[in-house]
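Numbering (this note's numbering), first residue to last: 151 to 288. Remarks on the structure that follows.
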């Protein structure tokens with residue numbers, strides 16, 4: 151990817167198999183996430199910025215709750231995240247397809263990425279997402 155940062159991945163959404171409905175589910179401050187999306191001109195593309203405490207449930211239940219809030223069947227939803235356990239495996243436990251954006255670092259320890267089993271769907275760049283989704287029919 152030539153550019154880095156949140157905006158560099160946005161053209162990727164235009165290559166997705168169908169127009170996505172987008173939401174953010176974050177453990178962080180939702181206002182900070184909204185400000186970040188606005189700063190990069192992306193806020194208008196997201197229907198919701200949600201946090202587990204607003205949903206009344208922790209991950210993995212928060213993923214299913216977010217799907218209900220978005221009126222989306224978890225089996226038809228995809229969560230792309232850079233945290234293997236809390237983003238990808240937790241989403242899968244809630245019935246979503248979890249895709250790991252493996253950036254080569256464990257954001258908790260600062261060391262190398264954790265080891266995932268062969269069933270984990272993995273990409274290294276957001277620009278890999280459209281081709282990956284086309285192959286998985288998600």
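Just so it is clear, CB atoms sit at the ideal spot from N, CA and C, and this is done for glycine as well.
Under three-state DSSP, which class holds residue i?
i           : result
residue 246 : coil
residue 153 : Bear in mind that a pLDDT of 37 at residue 153, under 50, signals an unreliable position, so the number given afterwards is only what the model happens to contain. In the structure shown, residue 153 sits in coil (DSSP, three-state: anything other than H, G, I, E or B).
residue 197 : strand
residue 239 : helix
residue 175 : strand
residue 272 : strand
residue 211 : helix
residue 251 : strand
What is the rounded straight-line gap between the Cα of residue i and the Cα of residue j?
i           : j           : result
residue 240 : residue 193 : 25 Å
residue 211 : residue 258 : 22 Å
residue 260 : residue 220 : 34 Å
residue 245 : residue 270 : 14 Å
residue 276 : residue 171 : 16 Å
residue 215 : residue 262 : 32 Å
residue 282 : residue 254 : 18 Å
residue 206 : residue 178 : 15 Å
residue 204 : residue 278 : 31 Å
residue 284 : residue 274 : 16 Å
residue 188 : residue 175 : 16 Å
residue 256 : residue 235 : 11 Å
residue 247 : residue 200 : 18 Å
residue 184 : residue 198 : 9 Å
With residue i and residue j assumed to form a contact (beta carbons below 8 Å), what rounded beta-carbon distance in angstroms separates them?
i           : j           : result
residue 251 : residue 232 : 5 Å
residue 289 : residue 223 : It is not possible to answer for residue 289, since the shown part of the chain is limited to 151 through 288.
residue 227 : residue 196 : Actually they do not touch by this definition, with Cβ atoms about 14 Å apart.
Does the beta-carbon of residue i have 16 or more other beta-carbons within 10 angstroms, so that it is buried, or is it exposed?
i           : result
residue 265 : exposed
residue 242 : buried
residue 157 : Unreliable placement is indicated for residue 157, whose pLDDT of 49 sits below 50; no coordinate value is reported for it.
residue 191 : exposed
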